[in-house]
Amino acid sequence: MTAFAAEDRWIIDGNSPGTLPLRLPRTEAVIWLRFSRWVSLISVVKRWLHYRGKVRPEMADGCPEKIDAKFLFYIWNFEKAESPEIMQHLEAAREDLPVIIIKSYHDTNRMLSDLDSAIGGEPRL
6 MTAFAAEDRW IIDGNSPGTL PLRLPRTEAV IWLRFSRWVS LISVVKRWLH YRGKVRPEMA
66 DGCPEKIDAK FLFYIWNFEK AESPEIMQHL EAAREDLPVI IIKSYHDTNR MLSDLDSAIG
126 GEPRL
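The working numbering puts the first residue of the sequence shown at 6, with every later residue one more than the last.
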């Protein structure tokens, strides 16, 4: 992770508060998908039903979709167990760091539409 975060440009997807001190100093913006536990659980079950036993296109080879009690417990308790530490790291980050908190699929779609309009529908790197 250290070498990756040292690169000139990157996008990191993840929810581990333990790596935030490494990532946040060089971050240009944080987009936190902070859906409710019910939305998260329903989405995970739908994804599992669609891909069970198969590897999702965005996953590494050899990592078939699975679901277990430990993962469901993690999702159910995420807001209480993980979010406070994430918030501490975000509050301690530099003051000019934009933090966008998305709480619904509607908000996600609106943000993506706004981005699409802002860049004229053409992806830019």
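Just so it is clear, CB atoms sit at the ideal spot from N, CA and C, and this is done for glycine as well.
Predicted model only: the values in this text are computed from it and were never measured.
Asked, Found
"First and last residue of the uninterrupted alpha helix (DSSP H) at residue 43", "42-56"
"Helix, strand or coil at residue 130 according to DSSP, with G and I counted as helix", "Note on residue 130: pLDDT 48, under 50, position unreliable in the model; no value is reported."
"Coil, strand or helix - residue 38 by DSSP", "strand"
"Whole-Å CB distance - residue 77 paired with residue 102, under 8 Å assumed", "Incorrect: roughly 32 Å between the Cβ atoms, too far for contact."
"Paired residues, beta bridge with residue 70 - DSSP", "57"
"The ligand ZN heavy atom lying under 6 Å from the CB of residue 35", "The model on display carries no ligand, and the ligand ZN is accordingly not part of it."
"Candidates 60, 117, 121 and 124, of which the one nearest residue 36 by Cα", "117"
"Boundaries (first-last residue) of the alpha helix (DSSP H) holding residue 106", "Here residue 106 belongs to no alpha helix (DSSP H); instead the beta strand (DSSP E) covers 104-107."
"Collapsed DSSP secondary structure at residue 33 in the structure displayed", "coil"
"Exposure of residue 40, with buried meaning 16 or more beta-carbon neighbours within 10 Å", "buried"
"Spatial distance of residue 34 from residue 12 (CA atoms)", "16 Å"
"Residue from 25, 14, 17 and 16 whose Cα sits closest to the Cα of residue 89", "25"
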